[in-house]
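In mature numbering (1 follows the signal peptide of the UniProt record, and there is no 0), the protein residues as written are -18 to -1, 1 to 102.
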């Protein structure tokens, strides 16, 4: 019973405000615009800009692929490029094992000699 009384006492001022006159609005229009502008800036700098930078770096990586480059795919396959076409690269992943992979699946370029050091 005492919990119910505390709950009613807590909501009594809220219901009294709802029955009375509305609070004055004042000059809140400019403050709301500044607040909204702040959210837009946060969205831009924390979400959109880093994503566009990563996309630009990946596009440059794909454009720089050439025969003999050592790469890792997004699936984790490590190989050396033996052929480059418009949409695909052919990776040599082991002796006499070559597989075509879409250029977009290449996640990173590795330094020369990485495959040799992994195999040892």
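Ideal Cβ placement from N, Cα and C applies to all residues, glycine included. Predicted model, so just to flag it, every value in this text is computed and none were measured.
In this structure, 82 is the residue among 38, 37, 94 and 82 with its C-alpha nearest to the C-alpha of residue 67. DSSP places residue 48 in the coil class of the three-state scheme, outside both helix and strand. Between the region 49 to 57 and the region 15 to 29 there are fewer than three C-beta pairs closer than 8 angstroms, too few to call the two in contact. For residue 63, DSSP records a beta bridge to 73. Secondary structure at residue 13: helix, using DSSP grouped into helix, strand and coil.
Take the alpha-carbon of residue 27 and the one of residue 43: they are about 23 angstroms apart. Taking 8 angstroms as the cut-off, the Cβ atoms of residue 71 and residue 88 count as close.
For the 8 angstroms CB-CB criterion, residue 73 and residue 62 form a contact.
By the neighbour-count criterion, in which 16 or more other beta carbons inside 10 Å mark a residue as buried, residue 102 falls on the exposed side. Contact between residue 85 and residue 52 is ruled out by a C-beta separation of about 15 angstroms, above the 8 angstroms threshold. DSSP, reduced to helix, strand and coil, places residue 68 outside both helices and strands of the structure shown, so it counts as coil.
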